[in-house]
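Visitor: Protein chains in written order, with my numbering: chain V, -9 to 144; chain R, -9 to 144.
There are 2 protein chains.
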Amino acid sequence: MDDSKLKLSKQVCFPIYSVSRLITKAYRPYLEELGITYPQYLVLLVLWEKDNLTVNEISKKLLLNTNTISPLLKRLEKLDLIQRKRSSEDERSVFVQLTDKGKQLKAQALPIPEKLIADLESEKIQIEDMEKLKNMLCEWLSVIQHKCESSTKN
Amino acid sequence: MDDSKLKLSKQVCFPIYSVSRLITKAYRPYLEELGITYPQYLVLLVLWEKDNLTVNEISKKLLLNTNTISPLLKRLEKLDLIQRKRSSEDERSVFVQLTDKGKQLKAQALPIPEKLIADLESEKIQIEDMEKLKNMLCEWLSVIQHKCESSTKN
DNA sequence: TACATTTGTGTCGCGAACGATATAATCTTG
DNA sequence: CAAGATTATATCGTTCGCGACACAAATGTA
């Protein structure tokens, strides 16, 4: 039986999966200082860029379903970093706003990207490589994203 | 305040995180037919390559801690795909063996890698690109992995 | 031989992810 | 305007992922 394709080393998915997990782990010490997790950080990144978005808008930007985002937002609300307000025009929609504390956290987050790149960089992988990698992954992302949308509607 | 580095689009981590999740999602329909999840599939890939490994050996190959692997192995055991046997030489070690059912599942898994590549391929991303991506990620992985090991012993 | 240390595995608790499903508000279509 | 479809959000149950911790077996050292 030709099982060469089932070798772990042949899988494209495995290094992506592992790198993703390990990078998240690399974020942890910095995010712990802010008292947040990596997915929570992603939500804040989105809100720091543009405040007052609906749950749906956030979920689309992060490619996460609302059943992942909703509980996450609850935790951010409990941390007093965001506030949720039901829209008056469309009672189904919920707008998410940064609180003062949430806005202030941005200043503390500013140095994180550079710190992380410093941590992840090496002789083997330099910033230009990361940039290249990012571009390839983004292209791929746009492809996969649309394929997933067409196969499962959620 | 120069907050350009906090833009979601500037983050290297985000596309990796998203692609990883979406690829896992792409596996789902095929793995569902086998009755297993993606992490369970990874464990089986390892065992199909070399049977009778200890929990520790599996955890090192997959870069996952034993506290993730242990419950996962329990579920695979419940599915009657593997069997755990405590070593007689070193009573601390537990060897993991495929059952007949686990061995037979390999035949069903054989076509999966090709199906997945077909699903993920497009005009924009071809097999050679995936291969290139894989190699870059693997190099990066080896770097991050060692940095993580040195910072946190587990 | 005693006692501390290390090693291998596992449990606990929490926060994601996500499929399935629920519920209410809005829109569509007859 | 009424009935069905759609949309936005949220809940539930299961599995991961992981830090903290527990515990017994093995190892090292005095």
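Cβ coordinates follow ideal geometry from the N, Cα and C atoms, glycine included. Since this is a predicted model, take the numbers as computed values, not measurements.
Can you pull the chain R residues whose beta carbon is under 7 angstroms from the beta carbon of residue 10(V), in chain order?
Guide: Per Cβ cutoff of 7 angstroms: 6, 7, 10.
Visitor: Distance, Cα to Cα, residue 140(R) vs residue 44(V)?
Guide: Confidence is the limiting factor: at residue 140(R) the pLDDT is only 47, short of 50, which leaves the residue's position unreliable, though a coordinate-based value still follows. If I take the Cα positions, the gap works out to 41 angstroms.
Visitor: When DSSP builds the beta bridges, which residues end up paired with residue 37(V)?
Guide: None, per the DSSP bridge assignment.
Visitor: With respect to the beta strand (DSSP E) encompassing residue 75(V), which residues constitute its N-terminal and C-terminal limits?
Guide: Element bounds for residue 75(V): 72 to 76.
Visitor: Contact criterion: CB-CB distance below 8 angstroms. Does residue 135(R) meet it with respect to chain V?
Guide: Yes, its Cβ sits closer than 8 angstroms to a Cβ of chain V.
Visitor: Nearest-angstrom Cα distance between residue 130(V) and residue 9(R)?
Guide: Straight-line Cα distance between these residues: approximately 8 angstroms.
Visitor: Under 8 angstroms, Cβ to Cβ, is there at least one residue of chain V near residue 118(R)?
Guide: No, its Cβ sits nowhere closer than 8 angstroms to a Cβ of chain V.
Visitor: Is it buried or exposed for residue 124(R), if we count other Cβ within 10 angstroms and need 16 for buried?
Guide: With 16 or more Cβ atoms within 10 Å of its Cβ, residue 124(R) is classed as buried.
Visitor: Mind pulling the chain R residues with CB within less than 8 angstroms of residue 103(V)?
Guide: In chain order: -5, -4, 0, 1.
Visitor: Where does residue 100(R) sit, in a helix, a strand or coil, going by DSSP?
Guide: Residue state, collapsed to three classes: coil.
Visitor: Taking the C-alpha atoms as reference points, what is the distance between residue 144(R) and residue -8(V)?
Guide: At residue 144(R), the pLDDT of 35 sits below 50, so the modelled position is not reliable and the matter cannot be decided from this model.
Visitor: State yes or no: is the beta carbon of residue 112(V) nearer than 8 angstroms to at least one beta carbon in chain R?
Guide: Yes, its Cβ sits closer than 8 angstroms to a Cβ of chain R.
Visitor: Can you check which of these residues, 41(R), 137(R), 6(R), 132(R), is closest to residue 85(R) by C-alpha distance?
Guide: The shortest Cα separation from residue 85(R) among 41(R), 137(R), 6(R), 132(R) belongs to 41(R).
Visitor: Examine chain V for any beta-carbon lying closer than 8 angstroms to the beta-carbon of residue 99(R), and answer yes or no.
Guide: Chain V contact via Cβ: present.
Visitor: Restricting to Cα atoms, I'd like to know which of 120(R), 97(R), 98(R) is closest to residue 108(R).
Guide: Considering only alpha carbons, the answer is 120(R).
Visitor: In chain order, what residues of the same chain lie with their CB nearer than 7 angstroms to the CB of residue 142(R), ignoring the 5 residues before and after it?
Guide: In this prediction, residue 142(R) scores a pLDDT of 39, lower than 50, which makes its location untrustworthy; the coordinate-derived value is nonetheless stated afterwards. Correct list: empty, nothing qualifies.
Visitor: Does residue 109(V) come within less than 8 angstroms of chain R when only Cβ atoms are used?
Guide: Yes, residue 109(V) lies at the interface with chain R (some Cβ there is under 8 angstroms from its Cβ).
Visitor: Short of 7 angstroms in beta carbon distance, which residues of its chain neighbour residue 116(R), apart from the five on each side in sequence? Order them along the chain.
Guide: Excluding positions up to five away in sequence, the list is empty.
Visitor: From residue 111(V) to residue 82(V), what does the alpha carbon distance come to, in whole angstroms?
Guide: Rounded to whole angstroms, residue 111(V) to residue 82(V) spans 45 angstroms at the Cα level.
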